[in-house]
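So that you can map any letter, position 122 of the sequence shown is 121 in numbering that gives the first Met the number 0, and since no number is skipped, the others follow by simple counting.
The C-beta atom is built at its ideal place from N, Cα and C for all residues, glycine as well.
Remember, it's a predicted structure, so these values are computed and weren't measured experimentally.
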Amino acid sequence: MQQYNQEGMYPMKQPYNFPPSAPHPVQQNSVIQAMLQQIVDDQKEITNELDERMESLFNSFIDKNESLACQIKKIHTHVDQTYEDLKRQEMEETKAFCEFISRREAEFVPTHKPPQTAVNLATRPEQEHYSLDSTRGYKPKPLEKISNPEKLDVPCIINGVLFKDSICDTRSHINIMNKGIAKKIGIEVRDPSKIPMRFKDDPYTLFHGFISDLTLSIGDHVFKADFHILGDETRP
Numbered sequence: 000m001q002q003y004n005q006e007g008m009y010p011m012k013q014p015y016n017f018p019p020s021a022p023h024p025v026q027q028n029s030v031i032q033a034m035l036q037q038i039v040d041d042q043k044e045i046t047n048e049l050d051e052r053m054e055s056l057f058n059s060f061i062d063k064n065e066s067l068a069c070q071i072k073k074i075h076t077h078v079d080q081t082y083e084d085l086k087r088q089e090m091e092e093t094k095a096f097c098e099f100i101s102r103r104e105a106e107f108v109p110t111h112k113p114p115q116t117a118v119n120l121a122t123r124p125e126q127e128h129y130s131l132d133s134t135r136g137y138k139p140k141p142l143e144k145i146s147n148p149e150k151l152d153v154p155c156i157i158n159g160v161l162f163k164d165s166i167c168d169t170r171s172h173i174n175i176m177n178k179g180i181a182k183k184i185g186i187e188v189r190d191p192s193k194i195p196m197r198f199k200d201d202p203y204t205l206f207h208g209f210i211s212d213l214t215l216s217i218g219d220h221v222f223k224a225d226f227h228i229l230g231d232e233t234r235p
């Protein structure tokens, strides 16, 4: 858009803009050299700092290595001294023991014993022989049952069923239950009994099976117990 003068008659002329002149080559080279010199100086400074750090770390490592070597040398010296002391102590104890034995031997006075008659080892004393008739009728004699005054009736609960008159034998090592009672309270006997035992007063009663870890309640105490189940053979 053209501009006009104050009187509004003639348009104003635009000033002529000349293109910028290119920098002189000498000035451009000096600027580049200054930049390169700055980079070189920065690199030298960084290199010097790295050299100083590396030298400091190396010197610290050398000092620690020398300190460790001194400690190891002290340990070796202490071990050698301890070994020499123990060796010397062992030699002294051995020497003292030998001197003690020598003194005891000097105090010992041998006594003369009369010669003993030699025993003929080829002869043996006559052994006692038993006749065949004396051992023919031998049978194992069953032991008599000892009365146990330590029996008492204890109420207990087995598998949810209350037994008011269960007998507790304080000298017994096993728990027994009748086969009919086990069936009545719903206990299934699966494992066979491993104890071949019969009662003296009832030879037809024997162990029928075995139940392990059966819950037994006596008062406020609940624990597990193993029971041997009794069964009856066919009576004649």
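Secondary structure of Gly179 (DSSP, three-state): helix. Here DSSP, grouped into helix, strand and coil, assigns Asp219 to coil.
Remark: C-beta atoms of Ile228 and Ile210 approach each other more closely than 8 Å. By the neighbour-count definition (other C-beta atoms within 10 Å, threshold 16), Ala33 is an exposed residue. The three-state reading of DSSP puts His172 in coil, since its state is none of H, G, I, E or B.
If you draw a straight line from the Cα of Ser55 to the Cα of Ser66, it is about 17 Å long. Rounded to whole angstroms, Thr46 and Ser29 show a C-alpha spacing of 26 Å. Gly208 is positioned such that its CB atom lies closer than 8 Å to that of Val188. Bridge partners of Leu213 according to DSSP: Ala224.
Secondary structure at Ile71: helix, using DSSP grouped into helix, strand and coil. The Cβ atoms of Asn158 and Thr214 sit closer than 8 Å to each other.
Across the structure, Asp40 and Met53 are spaced so that their CA atoms are roughly 20 Å apart.
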